[in-house]
Each structure stands twice: as structure tokens, then as C-alpha cells.
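Protein chains in written order, with our numbering: chain A, 3 to 117; chain B, -12 to 102.
What follows is the structure, given as C-alpha cells:
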């Protein structure tokens, strides 16, 4: 049982380049989330999805786009990377009506550096 | 909007000593509280949660937390820590927005257990 898998694990981009982070879960979870983690800032929600075909903005959505075409996958895109997007990105998923009823399951993170 | 304040960014302790990690939240009519732990180079995992009922909540690995409504606090405690408890700990609260529920995290407390 793989749980939540994030690819890639590491990536270095130059300013202005684009990339897509992939999150895949095999637990049939409805909710999926993208967070970024920065030193001293904790985790901040970028975008989330409450089901296939739906997405919503979180706390820090600017500069990112997401898609949830399949229930098991949640993609995070950076169209034009900036150094301020250097961070560790975490994907999470949960079953049912949100974190109160089901704990969030996290991937192991993607460490992104933008130079 | 909900907010969470973790009062200590770093807590060093010696092995077998007791520890308390402090968390305060912004007041709300109904609040659901969580502690998550992040071991080095891993994603977060749920330690314990308070939804209702007894104000003393027990979690995994010998941790417990006490919900105090009058002080809007949810402090995490362990009577005797091990080296393996070295990790970053995040307090979180649910927030309802736009018909869906999500977690708002504190900035984290790094617990370092020294021999």
C-alpha cells in the first residue's frame, strides 16, 4: 500500500521555467491538498480539492495552478517559477468530509529550488 | 479566520525528561484541534485530535494533550521523552470555508531530545 506518492522528490529550476508536481494516492480519498513548508512559517495551504474535477484556492494560491482530472491524482503546476517559490511541497489526502473525520495522509515532500 | 500560535519554535530537552509543547488557537464557537508530527525528511502524521468529550486526549507514542476552552489552549505533553521523539510538531485547527473544511497549521515546534 503506497499511500500518498509525490514525484519528483527533488528539483532545481531556473527562474521563469515551468514544471508540474504530481501527487498520487491509492486510498480512494476524496479530499486532496497541496501545502508548502517554509522555515518558521509552518505549512500553508496552496490549493485543495474536495473531489474529482474540483479545485479551490487556499491561503497562498498565487503563482500556482492545479488540476484534479482523476480522483487519485492532484497536479500542482508552476507556470513561471520564481525564487520565492523555493520550498518543500507536501501533498496530502483525506477520506470523507474533511480532516475532522479523517486524518490527513501526507506524502514525503518535493524539495524545489528556484535559482 | 482561524489561527494557531505555537509559542516555542524550538524546545531542547534531555532524554527521559518531561516535555510540554504549547499551542493556543483563536476562539471559535466550535473548534477541532490536532497535533501532527514530522520526522526528518518525512511528511506529517497524526499524533492525536480533539473533537469533543473528554478534554484530555491520548495519542500515539505516549503523547497526550489537554483542551482548555477558557485559555484557548491545546498543549501537548509527554512525561518521559526518547531520542526517537526528536521531530517537528505542528498544532492545527479546522476551518470551514466555502462549504468545505480544511486544516490551518501553526508554525511548528522543533523538539530536540539530547542524550
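Backbone N, C-alpha and C define an ideal beta-carbon position, used for all residues, glycine too.
Computed from a prediction, not measured in an experiment: that's the story for all the values here.
Taking Cβ to Cβ, would you say residue 93 of chain A is nearer than 7 angstroms to residue 39 of chain A?
-> Indexing the first chain from 1 puts residue 93 of chain A at position 91. Indexing the first chain from 1 puts residue 39 of chain A at position 37. Taking 7 angstroms as the Cβ cut-off, residue 93 of chain A and residue 39 of chain A do not qualify as a contacting pair.
Between residue 31 of chain B and residue 23 of chain B, is the Cβ-Cβ spacing less than 7 angstroms?
-> Taking the first residue of the second chain as position 1, residue 31 of chain B is located at position 44. Taking the first residue of the second chain as position 1, residue 23 of chain B is located at position 36. Contact flag set, yes.
How would you label residue 34 of chain A, buried or exposed, when you count the other beta carbons within 10 angstroms and need 16 or more for buried?
-> The sequence position of residue 34 of chain A within the first chain is 32, counting from 1. Result: buried.
What does residue 29 of chain B touch in chain A if you count any residue whose Cβ is under 7 angstroms from its own?
-> Position 42 of the second chain, counted from the start, is the residue given in the question as residue 29 of chain B. The contacting residues are 110.
Under the three-state DSSP convention, the category residue 96 of chain A falls into = Along the first chain, read from residue 1 onward, the residue named residue 96 of chain A stands at position 94. Correct three-state label for residue 96 of chain A: strand.
Closer than 8 angstroms, Cβ to any Cβ of chain A: which residues of the region 31 to 48 of chain B, in chain order?
-> 31, 32, 33, 36, 38
Alpha carbon to alpha carbon, what distance is there between residue 75 of chain B and residue -5 of chain B?
-> Working through the second chain from its first residue, we reach residue -5 of chain B at position 8. Working through the second chain from its first residue, we reach residue 75 of chain B at position 88. Each residue's Cα considered, the two are about 11 angstroms apart.
Taking DSSP as the reference, what is the three-state secondary structure of residue 48 of chain B?
-> The residue you call residue 48 of chain B lines up with position 61 of the second chain. In this structure, residue 48 of chain B counts as helix in the three-state DSSP scheme.
Determine the direct distance from the alpha carbon of residue 67 of chain A to that of residue 9 of chain B, and round the result to whole angstroms.
-> Working through the second chain from its first residue, we reach residue 9 of chain B at position 22. Working through the first chain from its first residue, we reach residue 67 of chain A at position 65. Cα to Cα, the separation comes out at about 35 angstroms.
Tell me, to the nearest whole angstrom, how far the beta carbon of residue 45 of chain A is from that of residue 87 of chain A; I am working on the premise that it is less than 8 angstroms.
-> Here residue 45 of chain A corresponds to residue number 43 of the first chain, with the count starting at 1. Here residue 87 of chain A corresponds to residue number 85 of the first chain, with the count starting at 1. No, residue 45 of chain A and residue 87 of chain A are not in contact; Cβ-Cβ is about 15 angstroms, not under 8 angstroms.
For the beta strand (DSSP E) that contains residue 110 of chain A, what are its first and last residues?
-> As a position in the first chain, residue 110 of chain A is number 108, starting the count at 1. Counting along the chain, residue 110 of chain A falls outside any beta strand (DSSP E), and DSSP gives it neither H nor E.
Below 7 angstroms between beta carbons: does that hold for residue 117 of chain A and residue 91 of chain A?
-> Counting from one through the first chain, the residue named residue 117 of chain A turns up at place 115. Counting from one through the first chain, the residue named residue 91 of chain A turns up at place 89. Contact flag unset, no.
Tell me, please, whether the region 4 to 22 of chain A touches the region 100 to 112 of chain A by the rule of three or more beta-carbon pairs shorter than 8 angstroms.
-> yes
Length-filtered (3 minimum) beta strand (DSSP E) runs lying within the region 43 to 76 of chain A | 44 to 51, 67 to 69
Neighbour flag for residue 63 of chain A against chain C, beta carbons, 7 angstroms | Protein chains in the displayed structure are A and B, and chain C is not among them.
Does the beta carbon of residue 92 of chain B come closer than 7 angstroms to any beta carbon on chain A?
-> For this step, residue 92 of chain B is matched to residue 105 along the second chain. True, the Cβ-Cβ gap to chain A drops below 7 angstroms.
Could you work out which residue in B/50, B/28, B/77 is closest to residue 94 of chain B when comparing CA atoms only?
-> Along the second chain, one-based indexing puts residue 94 of chain B at 107. Looking at the Cα atoms, B/77 is the closest of the given residues.
Residue 52 of chain B versus residue 37 of chain B - alpha carbon distance | Position 65 of the second chain holds residue 52 of chain B. Position 50 of the second chain holds residue 37 of chain B. Residue 52 of chain B and residue 37 of chain B: Cα-Cα distance of roughly 8 angstroms.
Report the neighbours of residue 89 of chain B on chain A: residues whose CB is nearer than 8 angstroms to its CB, in chain order.
-> Taking the second chain and counting its residues from 1, one reaches residue 89 of chain B at position 102. Within chain A, the residues near residue 89 of chain B are 35, 47, 50, 60, 100, 101.
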